[in-house]
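Enquirer:
Protein chains: 2
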Amino acid sequence: MSYFKENIENLSGYTPGFQPTDEDVVKVNTNENPYPPSPKVAQLLASFDVNRLRRYPAPLGDSFRVAAAKLNGLLPENIMCTNGGDDLLTIVLRSFCCGTRSLVYPAPTYSLYEVLAKIQNCPVVEIPWKDGYCLPKQELLDAGGALTIVCNPNAPSGSFIDPEEISELASLLEGKSVLLVDEAYADFAEGNCAGLVNKHENLIILRSMSKGYSLAGLRFGYAIACRELIDGLLKVKDSYNVDALAIAIATEAIQDQAYFKRNVELVKEQRTRVTKELESLGFRVGTSNANFVLAQTLSSDASDVFEKLKEKQVFVRYFPYDGLRDKLRITIGTPSENDKLIEALKEILSS
Amino acid sequence: MSYFKENIENLSGYTPGFQPTDEDVVKVNTNENPYPPSPKVAQLLASFDVNRLRRYPAPLGDSFRVAAAKLNGLLPENIMCTNGGDDLLTIVLRSFCCGTRSLVYPAPTYSLYEVLAKIQNCPVVEIPWKDGYCLPKQELLDAGGALTIVCNPNAPSGSFIDPEEISELASLLEGKSVLLVDEAYADFAEGNCAGLVNKHENLIILRSMSKGYSLAGLRFGYAIACRELIDGLLKVKDSYNVDALAIAIATEAIQDQAYFKRNVELVKEQRTRVTKELESLGFRVGTSNANFVLAQTLSSDASDVFEKLKEKQVFVRYFPYDGLRDKLRITIGTPSENDKLIEALKEILSS
């Protein structure tokens, strides 16, 4: 017999991207930043009094709340710290969804949403993106979810919906559904929705320190929302969901905006370059607002190119899902990593 | 209107113990270890390459898994790392409980269990401890939970159930209920249940690095269970629930058993001393197997002593719940902190 609930027993867990332990490979498979975190992080670690770890951390991560609020022109009460963006996704599923309250999102998108819905045992309605990854607002409304998630920029497409359109969707959903905008990749985008949270009582923004701030290993994200929503989410989160060291590091990193902006610009420059080179190799590459591109191969199945890249120690991401089997998601690396990627692809395609 | 589910809207969240920011107060309210973490933790921080934070952490925290398995005479497959013990509690509630599958535990105990059950919207059956905090095995079985939790040593009583009795309960529950033994305080106890996980297919042990290892600020705990249960729980946990720095620190700390054992002995010596002194002041103090004692005052309401201690910058824990209103939970501090506690109590009682 199984002791687990049936939905858990039947679940295939989320499969994270492969994490090679070898440092010398070209790892462009999990959308990590190719540059190290702010030098202030190293300084902090060198001077951190470990005796502070003896005591419980600040339950709300106050120093980070203040810094993130300031950056976004909001109040600390509009911020909730989370153990990575995934922690926030788990918290919102538990807060708003159940057997009679569904999750709705445009697809294809981040595959974790569906896994979390299965764990929560709530219905899922996937609405296909309109041509060219446009927002299917009316269809999302008609689906009647208790929670609607829009990943923006979207993964794995890198496509971007203008905040004005997100605002229209939030208005349509008002009184009916919470709208979570997953802005894990917003650091690399033309805009974001932080300015909308005081306009929409049903809007939650997800942010991550993993991408733009090079802190995927730290697990730190945050929610931005009106105070009423934050207050409710705080009841559901674990009392001490972020640790004292992570709070201190994330606070240092988010305050070093000069370093952050320089790295983001470097990634965006290389995104333009990689896009062009992939196109010249025959790939179809959509415009990306993230730190990765989705490259459509000429064949109907990209797994062959994926495997051959792996043999050359170049790790990209392949999703064996509908609409994605002919594509590879490729994270933007350093110029030299991108050189190696393009070189490897040239060899594979000419052989 | 509220966007939250009704059970969340109606919830009073868990109230963590007060965290004074002043370092000079006597803080014996949240069962933190009075001694700093292993010196190896400081060494690790000083030499940690922050560039590692750029990449996602090992999803399973492999180095810690190996170290914890070795310590407990088990295999890495028997271990799951969690973001504090609370993360594991949340995961098991989500794995085993729902509207038709209840949570059962002997009470009074850690008040978070009830809060998590309310979030999960599952029924709760509280079974009173038998006289003198004995295990009500038959009553727990009859309650028919999908999940049964026994906190051992129990909080806030500090009482301890012999592992043989836990084993009998696990046998009774086999095929019916998972038994989680919350061993957050086992570092200070006469025994523990780790040796039982290969005997019972329905047994999960919770461990924490917060107490014996002085790492409450780090948020690190782990589950011990048979491989089948661990495999199921891994599907429910967040993909990267523990961060790279926390994995490295917790691994260093758990490997420094000499330092750990010395600190535990110091705390146990002071526990004996504090118990005696409290008794000589007229408190009734049960035998504790944890790093705190539960002291029953002469009056029916201990909140008065609690408040007066606070005025003297001595912070203990008071629970306004049935069976606990006449008691104070007092964490064992350093000898000098315990001096100040006893001194303050003498002044209060003689005034």
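If you're matching them up, the sequences are chains A and B in order.
Per the working numbering, residue 12 is the first one in the first sequence, and the count goes up by one each step.
Per the working numbering, residue 12 is the first one in the second sequence, and the count goes up by one each step.
Beta carbons are placed, not taken as given, at the ideal position from N, Cα and C, and that holds for glycine.
Predicted model only: the values in this text are computed from it and were never measured.
1. Just the Cα atoms here: how many angstroms apart are A:Y67 and A:A261?
2. Would you say A:L229 lies against chain B (beta-carbon separation less than 8 Å)?
3. Are the CB atoms of B:N89 and B:A78 within a distance shorter than 8 Å?
4. Using a Cβ cut-off of 8 Å, pull out every chain A residue sitting near B:M12, in sequence order please.
5. Between B:P48 and chain A, is any beta-carbon pair separated by less than 8 Å?
6. Cβ atoms of A:V61 and B:P48: under 8 Å apart, would you say?
7. With A:T93 as the anchor, note down where its beta strand (DSSP E) starts and where it stops.
8. According to DSSP, simplified to helix, strand and coil, what is A:R112?
9. Buried or exposed for A:Q131, please, with buried defined as at least 16 other CB atoms from any protein chain shown within 10 angstroms of its CB.
10. Determine the burial state of A:N21: buried for a count of at least 16 other Cβ atoms within 10 Å of its Cβ, exposed for fewer.
11. Kindly say whether A:V61, judged by its beta-carbon, lies nearer than 8 Å to any beta-carbon of chain B.
12. Quick one: which chain A residues come within Cβ less than 7 Å of B:K246?
13. Can you name, in chain order, every residue of its own chain whose Cβ lies under 6 Å from the Cβ of A:C92, other than the five neighbours on each side?
14. Run the CB neighbour count on A:T41, radius 10 Å, all protein chains shown included, and call it buried at 16 or more, exposed below.
15. Quick one: does B:T41 have its CB under 8 Å from some CB of chain A?
16. Below 9 Å on C-beta distance, what does A:T101 contact in chain B?
17. Does the beta carbon of A:Y1 come closer than 8 Å to any beta carbon on chain B?
18. Using a Cβ-Cβ cutoff of less than 7 Å, which residues in the same chain neighbour B:L99 once the five nearest sequence positions on both sides are dropped?
19. Our contact map puts B:V189 next to B:I172 with C-beta atoms below 8 Å; I'd like the distance itself, whole angstroms only.
20. Within 10 angstroms of the Cβ of B:A269, are there 16 or more other Cβ atoms? Answer buried if so, exposed if not.
21. Whose C-alpha, out of A:K187, A:V135, A:L64 and A:D33, is nearest the C-alpha of B:G95?
22. Could you spell out where the beta strand (DSSP E) holding B:D303 opens and where it closes?
23. Nearest CA to the CA of B:E34: which residue from B:P27, B:L207, B:D333 and B:V325?
24. When DSSP labels each residue in this structure, what does B:I216 get in the three-state scheme?
25. What three-state label does DSSP hand B:R282 in the structure shown?
26. Comparing C-alpha positions only, which one of B:I215, B:L183 and B:P164 sits nearest to B:F107?
27. Confirm, please, whether the CB-CB distance from B:F199 to B:V278 is below 8 Å.
28. Comparing the C-beta of B:C237 with each C-beta of chain A, is any distance below 8 Å?
29. Should B:G344 be flagged as near chain A, meaning a C-beta pair shorter than 8 Å?
30. Does any residue of chain A bring its CB to less than 8 Å from the CB of B:G243?
31. In the region 180–246 of chain A, which residue ranges form an unbroken beta strand (DSSP E) of at least 3 residues, counting only runs that do not cross its ends?
32. Taking the Cβ atom as the reference point for each residue, do B:E194 and B:K148 lie within a distance shorter than 8 Å?
33. Note down, in chain order, all residues in the region 111–124 of chain A with a beta-carbon under 9 Å from any beta-carbon belonging to chain B.
34. For a test of the three-state rule: what should DSSP assign to A:F15, helix, strand or coil?
35. Distance, Cα to Cα, A:A166 vs A:Y196?
36. Got a sec, what are the start and stop residues for the alpha helix (DSSP H) A:P70 sits in?
Expert: Let me lay it out:
1. 17 Å
2. yes
3. no
4. G186
5. yes
6. yes
7. I90 to T93
8. strand
9. buried
10. exposed
11. yes
12. I19, L22 and G24
13. G72, F75, Y233 and V253
14. buried
15. yes
16. T101, R105 and D249
17. Summary: the structure shown does not reach residue 1 of chain A, with chain A confined to residues 12 through 362, and so no result is reported for it.
18. T93, L217, G232 and A234
19. Not a contact, Cβ separation roughly 17 Å.
20. exposed
21. A:L64
22. At residue 303 of chain B the sequence reads Phe, which differs from the Asp that was named. F303 to Q307 is the span of the beta strand (DSSP E), which, as asked, contains B:F303.
23. B:V325
24. strand
25. helix
26. B:I215
27. yes
28. no
29. no
30. yes
31. 189–193, 214–219 and 232–236
32. no
33. R112 and L123
34. coil
35. 8 Å
36. Taken as a continuous stretch (DSSP letters only), A:P70 belongs to no alpha helix (DSSP H), as it is neither H nor E.
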